[in-house]
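Asker: Start counting the sequence shown at 4; every next residue gets the next number (the working numbering).
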Amino acid sequence: MNTERPVASEMCDEAVAAAQAAAAASGVEVREITEIAELTAVGVLFETIWRSAPGTRPVTTELLRALSSAGNYVAGAFADGEMLGACVGFFGNPGKASLHSHIAGVAKAGAGRGIGYALKLHQRGWALAQDVSAIKWTFDPLVRRNAYFNLGKLGALPVLYLRDFYGPMEDGINGSGDTDRLMVSWDLKSEAVRTAAFGEPIRTDAKALLGQGAAVALSVGEDGGPVTGSADAPVVLAAVPPDIEGLRGTDPGQAAAWRAALRDALGGLMTSGGRVTGFDRAGWYVISKEEQ
4 MNTERPVASE MCDEAVAAAQ AAAAASGVEV REITEIAELT AVGVLFETIW RSAPGTRPVT
64 TELLRALSSA GNYVAGAFAD GEMLGACVGF FGNPGKASLH SHIAGVAKAG AGRGIGYALK
124 LHQRGWALAQ DVSAIKWTFD PLVRRNAYFN LGKLGALPVL YLRDFYGPME DGINGSGDTD
184 RLMVSWDLKS EAVRTAAFGE PIRTDAKALL GQGAAVALSV GEDGGPVTGS ADAPVVLAAV
244 PPDIEGLRGT DPGQAAAWRA ALRDALGGLM TSGGRVTGFD RAGWYVISKE EQ
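1. Taking the C-alpha atoms as reference points, what is the distance between Q295 and L272?
2. If I follow the unbroken alpha helix (DSSP H) through V47, where does it start and stop?
3. If you follow the alpha helix (DSSP H) that Y120 is in, where does it begin and where does it stop?
4. Would you say G216 reaches chain D, if we count a Cβ-Cβ gap shorter than 8 angstroms as a contact?
5. Apart from the five residues on each side of it in sequence, which residues of its chain come closer than 6 angstroms, Cβ to Cβ, to G224?
6. To the nearest angstrom, how far is the alpha carbon of E17 from that of G170?
7. I'd like the span of the alpha helix (DSSP H) that includes G256, first residue to last.
8. Does DSSP put D190 in a helix, a strand or coil?
9. Under the DSSP definition of a beta bridge, which residues are partnered with S291?
10. Measuring straight from C-alpha to C-alpha, what distance separates G232 and D181?
11. For V279 and V162, I'd like the C-alpha separation in whole angstroms.
12. For D235, I'd like the list of residues in its chain whose CB is within less than 7 angstroms of its CB, leaving aside the five on either flank, ordered along the chain.
13. Got a sec, what are the start and stop residues for the beta strand (DSSP E) L163 sits in?
14. By Cβ distance, which residues of its chain are closer than 6 angstroms to Y151, with the 5 residues on each side in sequence left out?
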């Protein structure tokens, strides 16, 4: 007897229930967007969040319309008729086997409510209903809160370190430096992700790992700058600063030094076959060099 479809259907129902619970906890309704007025509002929202230069809106109404009409993912989070967040993704190669989540953001008015989490869980439920088993996206590995959100809250795992992925970006978040990114893959059916979807984050204890002999390839110095160290151990830790976005405004030189240092430490370890296994909320990537 073929039980694959009933199991897949059960997992999809479970994912939708988790997404609905997260939306309710955040006080929002998350739903797909197809109408021109709301698609335009998505572009305006992202322009506000990224503080884009005039004429450089992250996504246009026309592009969102095309993506939506072609069956891709465009969704928003609403409270009392106001759009507080949105998320956009499109199908990757091959066919519909994977989804690339291109951009997601939450307005300041919705900060601290778990709206981003609700959006991603809605995207997961939608993707599973499309028979998609993995979602990939990129994020700036220097942004501590995003690293914890992606690896800890959601259970995604990095698969590639991408040097200057987008080239120059004219906005108020990325500054004028290189746009290195981590590509993560979110295994929608894994047990860790299923657990995370019901509010149990993936916990990583860097202090305990240090006690077990982990090496520190990169740490935060007394002046807030990067300090390089040894990577000569099976498990290696690499730190990020508490607030790279603020640092880009107050000390661009030190921010650039952090980009170069993390590229060498984290990017170098991943290029050599190291596997990122987690992120401690205190600001540490954990990289395993052991063969799997």
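Here a beta-carbon is modelled for each residue, glycine too, at the ideal position from N, C-alpha and C.
Answerer: So, from the listed chains and residues:
1. Note that Q295 has pLDDT 43, beneath the 50 cutoff, so the model's placement of it is unreliable and no number is given.
2. DSSP places V47 in the uninterrupted alpha helix (DSSP H) bounded by 39–53.
3. That run of the alpha helix (DSSP H) goes 118–132.
4. Absent from the structure is chain D; it holds one protein chain and no more.
5. In chain order, V230 place their CB closer than 6 angstroms to the CB of G224, counting only its own chain and leaving out the 5 sequence neighbours on each side.
6. Computed Cα separation, rounded: 39 angstroms.
7. Residues 255–265.
8. Three-state result, D190: strand.
9. Looking at the DSSP assignment, S291 forms a beta bridge with V238, R278.
10. Distance between the alpha carbons of G232 and D181 is about 23 angstroms.
11. Between V279 and V162, the alpha-carbon positions lie close to 8 angstroms from each other.
12. In its chain, beyond the 5 residues on either side, A218 have a beta carbon closer than 7 angstroms to the beta carbon of D235.
13. Bounds of the beta strand (DSSP E) holding L163 are 160–165.
14. A distance below 6 angstroms between beta-carbons, with the five flanking residues on each side excluded, links Y151 to the following residues of its chain, in chain order: F282, R284.
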